[in-house]
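Asks: Quick one: this structure, given as structure tokens, is what I'll be asking you about.
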Amino acid sequence: MSAALPTGPLVTRDSLAAQLRELGVRPGETLLVHSSLSSLGWVNGGPVTVVGALLDALGPDGTLVVPAQSGHLSDPALWRAPAVPEEWWGAIRATMPAYDPLTTPTRGVGVVPETVRTWPGALRSAHPQTSFAAVGPRSAEVVAGHATDCRLGERSPLAVLERIGARVLLLGAGYDSCTAFHLAEYRVPAPRVEVGRPGPDGWETVTEVSISSERFDELGHDFERDRPVAHGRAGAAGARLFPLADAVAYAERWLELHRPRAEEFENPAV
3 MSAALPTGPL VTRDSLAAQL RELGVRPGET LLVHSSLSSL GWVNGGPVTV
53 VGALLDALGP DGTLVVPAQS GHLSDPALWR APAVPEEWWG AIRATMPAYD
103 PLTTPTRGVG VVPETVRTWP GALRSAHPQT SFAAVGPRSA EVVAGHATDC
153 RLGERSPLAV LERIGARVLL LGAGYDSCTA FHLAEYRVPA PRVEVGRPGP
203 DGWETVTEVS ISSERFDELG HDFERDRPVA HGRAGAAGAR LFPLADAVAY
253 AERWLELHRP RAEEFENPAV
């Protein structure tokens, strides 16, 4: 029996760029994109087509930004998908390659960000676990100054994107992937955690704000109920477009109301 034909829609660079313009993507703007290639339909050319369409919609003066996270550079004691034997932990820590913005692959963010990371002229920020990659005239401004002890806070590209008026595009992705909400976590009382990772001089541990995307879907639902969010289609997927600063400001208020306060984390009930 022959395999079933794909049901489509057929997505091309031109058709996707046209849908992005219809959604409201503007030439010359800076856009933080979270994407799911598999949700778009049958994309002729895969992630290269998606990146090309984004750049077409943004034009030569626009800047495309994506999360380029490398969460695999982390403590193997915390790995769950999959876990590794405890007797391996020491050797893994001792031999794990340090972060290199040019060669460390992305993980857990999809194939579109990995394609942006390797795109001609792309730049990448310095944080070894939560970097961002960017293409366009403002890429150096966006990725510069990402402190290696500030995953997604005031000294990360998210704060720069907020300052310069960037917008967020969820391209077939949900609010659970919206990194802008994490910037709000740095502005409300939050616990600190020890984060292990490979460093240039061997295994290192830094203290970071604890971050979690738990309940981000609920946060996003309330955000678009109360704030303007543009909705449209991108191939077979839904797409959302909104100002990053609006999302951060709303999330600050929402997290204060719906998340436990820092002292509750630090002194849990028993």
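Residue numbering for the sequence shown follows my numbering, starting at 3 and increasing by one per position.
Virtual Cβ for every residue (Gly too), placed ideally from N, Cα, C.
Note that the structure is a prediction, hence the values are computed from the model and not measured.
Can you give me the start and stop residues for the alpha helix (DSSP H) that Trp-121 sits inside?
Replies: No alpha helix (DSSP H) contains Trp-121, which DSSP labels as neither H nor E.
Asks: Could you pull the start and end residues of the beta strand (DSSP E) that Ala-232 belongs to?
Replies: Element bounds for Ala-232: 232 to 236.
Asks: Return the Cβ separation of Arg-15 and Gly-47 in integer angstroms, given the expectation that the two are a contact with Cβ distance under 8 Å.
Replies: The Cβ separation is near 7 Å, so the contact holds.
Asks: For the beta strand (DSSP E) that His-74 lies in, which residues bound it at each end?
Replies: That residue, His-74, is in no beta strand (DSSP E); it is neither H nor E in DSSP.
Asks: I'd like the list of long-range same chain contacts for Val-50, defined as Cβ closer than 7 Å, with 5 residues on each side in sequence excluded.
Replies: Excluding residues within five positions, the ones whose Cβ falls inside 7 Å are Thr-117.
Asks: Please state whether the Cβ-Cβ distance between Tyr-177 and Leu-221 is less than 8 Å.
Replies: Contact: yes.
Asks: Hey, out of Ala-70, His-260, Leu-172, whose CA is closest to Ala-239's CA?
Replies: The shortest Cα separation from Ala-239 among Ala-70, His-260, Leu-172 belongs to Leu-172.
Asks: Secondary structure at Glu-265, three-state DSSP: helix, strand or coil?
Replies: Low confidence applies here, because Glu-265 scores a pLDDT of 41, under 50, leaving its location unreliable; read the following figure in that light. Three-state DSSP puts Glu-265 in a helix.
Asks: Quick one: what's got a C-beta closer than 8 Å to Gly-26's C-beta in the same chain, skipping five residues either side?
Replies: The residues are Ala-232, Gly-234, Leu-243.
Asks: Pick out whichever of Glu-210, His-74, Asp-224 has its Cα sitting closest to the Cα of Pro-200.
Replies: The candidate whose alpha carbon is nearest that of Pro-200 is His-74.
Asks: In or out: Gly-237 buried (at least 16 other Cβ within 10 Å) or exposed?
Replies: Answer is buried; the Cβ neighbour count reaches 16.
Asks: Compare the Cα-Cα distances from Ser-1 to each of Ala-182, Glu-196, Phe-218 and report the closest residue.
Replies: No statement about residue 1 is possible, as the shown extent of the chain runs from 3 to 272 and does not include it.
Asks: Going by Cα to Cα distance, which pick from Leu-33, Glu-210, Leu-246 is closest to Pro-193?
Replies: Ranking the options by Cα distance to Pro-193, first place goes to Glu-210.
Asks: How should Arg-165 be labelled, buried or exposed, when 16 other C-beta atoms within 10 angstroms of its C-beta is the threshold for buried?
Replies: Classification for Arg-165: exposed.
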